[in-house]
Structures are given as structure tokens and as C-alpha cells.
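Trainee:
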Amino acid sequence: MSLIIRDSFLAETDPSLVLSLIVPHGIFEIPAIIIAGVVGFKIPYEDRSLFSRQKRANSDERRHKEYLTLASISIILIVIAAWIKANVTLKIAKAMLNSTKGI
Numbered sequence: 015m016s017l018i019i020r021d022s023f024l025a026e027t028d029p030s031l032v033l034s035l036i037v038p039h040g041i042f043e044i045p046a047i048i049i050a051g052v053v054g055f056k057i058p059y060e061d062r063s064l065f066s067r068q069k070r071a072n073s074d075e076r077r078h079k080e081y082l083t084l085a086s087i088s089i090i091l092i093v094i095a096a097w098i099k100a101n102v103t104l105k106i107a108k109a110m111l112n113s114t115k116g117i
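Position in the sequence shown (from 1) plus 14 gives the number in my numbering.
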């Protein structure tokens, strides 16, 4: 994302154009990536019991349910972001390109 912003700045592109193309799907994509990262760090940190002799059956079930919930939310958000990128963002880009052709 920083490369896109840097390149658009160097090309003297209107910042509102860049933001209007990034923000619609970024609203869903960024939280999805953060949630996926949380799950990725949380699983090894909390599942130390797999390597120890202590077993906590009731908390294991609760944690696995929490992991699946967070992973499902992340996947749903990524699918929504992909749909927005494929449908909404393309329409915004086409509309903006058509509006600048008259200049």
C-alpha cells in the first residue's frame, strides 16, 4: 500500500483518487488481516498445553471455538473485501477515468 501511495505521489496523482480506490475494500481487508494475525499469534501462545503434560479439556474446547470464530470472521471479511474490490472499486475507477477524459 505504501508503494501505491508513494508512486501516486511521485506521479502527481490526486490523493483523493488514490484514497477512493483503496478505502472501499480496505475497510474490510485491514481488520481481516489484523484478526488473522491475532489468531496466528494466539494459537501457538495459548496452545503450550499441547507440549506440556497438563491437559485442560474444557478450556481447550473453548479456545478452539474462539479460534474458529475469529478465523471465520477473518475469512468472511476477506471475501467481502474481494467482492468490493472486484465490483465496487472497478466501477469507481471507471467513473473517475471517464470524468477525467474531458479535461
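Every residue, glycine too, gets a C-beta built ideally from N, C-alpha and C. Because the structure is a prediction, the values reported are computed rather than measured.
Starting from the Cα of residue 97, find the closest Cα among 43, 32 and 33 and give me that residue.
Mentor: Taking only the C-alpha atoms, the option nearest residue 97 is 43.
Trainee: Only counting the same chain, and skipping five residues up and downstream in sequence, which positions put a Cβ closer than 7 angstroms to that of residue 87?
Mentor: The answer, listed in chain order, is 49.
Trainee: What residue does the alpha helix (DSSP H) around residue 60 start on, and which one ends it?
Mentor: That run of the alpha helix (DSSP H) goes 29-60.
Trainee: So residue 58 and residue 102 are supposed to be a Cβ contact under 8 angstroms. How far apart are they, rounded?
Mentor: Residue 58 to residue 102, Cβ: 36 angstroms. No contact.
Trainee: Thinking just about the alpha-carbon of each residue, which of 113, 95, 89 and 110 is nearest to the one in residue 51?
Mentor: Measuring from the Cα of residue 51, the nearest candidate turns out to be 89.
Trainee: Tell me the DSSP secondary structure of residue 136 in three-state form.
Mentor: Outside the displayed span of the chain (15 to 117) sits residue 136, for which this structure offers no information.
Trainee: Considering only the beta carbon of each residue, do residue 35 and residue 94 sit closer than 8 angstroms?
Mentor: It is not a contact, given that the beta carbons lie outside the stated cut-off.
Trainee: Give me, in chain order, the residues of the same chain whose beta-carbon lies closer than 6 angstroms to that of residue 126; leave out the 5 immediate sequence neighbours on both sides.
Mentor: What is shown of the chain runs 15 to 117, which leaves residue 126 out entirely.
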